[in-house]
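Colleague: One structure, as structure tokens, below. Some questions next.
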Amino acid sequence: GAGVSQSPSNKVTEKGKDVELRCDPISGHTALYWYRQSLGQGLEFLIYFQGNSAPDKSGLPSDRFSAERTGGSVSTLTIQRTQQEDSAVYLCASSLELNSGNTIYFGEGSWLTVV
Amino acid sequence: AQSVTQLGSHVSVSEGALVLLRCNYSSSVPPYLFWYVQYPNQGLQLLLKYTSAATLVKGINGFEAEFKKSETSFHLTKPSAHMSDAAEYFCAVTHFGGYQKVTFGTGTKLQVIP
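Right, here's the structure in full:
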């Protein structure tokens, strides 16, 4: 696609429910990132994929959070047993293969509200 | 380890005035530095990036930033603010080698006063 696509754009869920957030990166981008942006906060790194593997999962806040990527393309971020503190914007981004000079392109985010 | 510090979570300028958004970085190796802009209810868009070429980097919408190693700074400037510049601006750092983990600052919201 032309840009990074994320769905849903908005999600309201009840505390304790599971949610899945989807990211479709730019075609040909092998690197994919998830960040979380809470109100008044900066961007918090969650996880990074190179192809289908995730070399760094250190940013996932708890074991309720998991992510996978299949076929080197679409990624899903899953939050189990959601809590109110999980309310945030979840941003997905992608870039060309590993090279620190490459621009990271962001999607418009999935706004999650846990009530 | 790497980090960025953005001084001032909110900055207000008059339309037509100079825009100066401050960013200081910390990196144990030569950094790559980025400025991103986020308009309301949108994702982040790259303004400009420094990747060890020219220290003065020009970006979109008339913005530029200068890499100053001695000051560990990468401040963003624009000579004349426009109403459309009102947004949140994020400074970010990464470095060559290893995977490309990008560390972002906490952001600066720019208000442009007519």
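Line order of the protein sequences matches chains A and B.
If you read the first sequence in my numbering, its first letter stands for residue 1, the second for the next number, and so on.
If you read the second sequence in my numbering, its first letter stands for residue 1001, the second for the next number, and so on.
Even for Gly, the Cβ is constructed at its ideal location relative to N, Cα and C.
These figures come from a predicted structure and were not determined experimentally.
Under 7 angstroms Cβ to Cβ from Leu1046/B, same chain only, skipping five residues before and after it: list those, please.
Modeller: If we look at Leu1046/B and ignore the five residues flanking it on each side, its Cβ neighbours are Phe1034 and Tyr1036.
Colleague: Strictly under 7 angstroms for the Cβ-Cβ distance: is Tyr1032/B near chain A by that measure?
Modeller: Interface residue, yes.
Colleague: Going straight from the alpha carbon of Tyr105/A to that of Ser94/A, what length do you get?
Modeller: Each residue's Cα considered, the two are about 5 angstroms apart.
Colleague: Residues of chain A with CB under 7 angstroms from Leu1021/B, in chain order?
Modeller: Ordered by position in chain A, no residue passes the 7 angstroms Cβ test against Leu1021/B, which lies about 14 angstroms from the chain.
Colleague: Here's the rule I'm using: 16 or more other beta-carbon atoms within 10 Å means buried, otherwise exposed. How should Arg69/A be labelled?
Modeller: The residue in question, Arg69/A, is buried, as its Cβ has 16 or more Cβ neighbours within 10 Å.
Colleague: Does the ligand HEM have a heavy atom nearer than 6 angstroms to the CB of Ser7/A?
Modeller: With respect to small molecules bound, the structure shown includes none, and the ligand HEM cannot be examined in it.
Colleague: Which residues bound the beta strand (DSSP E) around Pro55/A?
Modeller: Note, Pro55/A: beta strand (DSSP E), Ser53 to Asp56.
Colleague: Would Phe1074/B and Ala1081/B qualify as a contact pair, given that the criterion is a beta-carbon distance under 7 angstroms?
Modeller: No, the pair does not count as a contact, with Cβ atoms beyond the cut-off.
Colleague: Once DSSP output is grouped into helix, strand and coil, what is the label at Glu1071/B?
Modeller: Of the three classes helix, strand and coil, the one that applies to Glu1071/B here is helix, per DSSP.
Colleague: With distances taken between CB atoms, is the gap from Ser75/A to Leu32/A smaller than 7 angstroms?
Modeller: Taking 7 angstroms as the Cβ cut-off, Ser75/A and Leu32/A qualify as a contacting pair.
Colleague: What are the start and end residues of each continuous alpha helix (DSSP H) run of 4 or more residues lying completely inside the region 71 to 95 of chain A, in chain order?
Modeller: Complete alpha helix (DSSP H) runs here, min 4: none at all.
Colleague: How do the region 77 to 87 of chain A and the region 9 to 26 of chain A stand: do at least 3 beta-carbon pairs fall below 8 angstroms, yes or no?
Modeller: Yes: the two stretches touch, three or more of their Cβ pairs being nearer than 8 angstroms.
Colleague: At a CB-CB cut-off below 7 angstroms, which residues of chain E make contact with Gly109/A?
Modeller: The chain labelled as chain E is not found among the protein chains of the depicted structure, namely A and B.
Colleague: Look at the alpha carbon of Ser9/A and the alpha carbon of Ser66/A, and state the distance between them as a whole number of angstroms.
Modeller: Whole-angstrom Cα-Cα distance: 19 angstroms.
Colleague: Thinking Phe1063/B and Leu1076/B are a contact (beta carbons under 8 angstroms), I'd like their distance in whole angstroms, please.
Modeller: Contact flag correct, Cβ pair sits at about 6 angstroms.
Colleague: What residues in its chain sit with their C-beta under 8 angstroms from that of Gly28/A, if we drop five residues either side in the sequence?
Modeller: Hits under 8 angstroms: Leu96.
Colleague: Taking C-beta pairs closer than 9 angstroms, name the residues in chain B that Ile79/A reaches, listed in chain order.
Modeller: Here the premise fails: no neighbours, minimum Cβ distance about 20 angstroms.
Colleague: With DSSP as the reference, label Asn1061/B as helix, strand or coil.
Modeller: DSSP places Asn1061/B in helix when its eight states are reduced to three.
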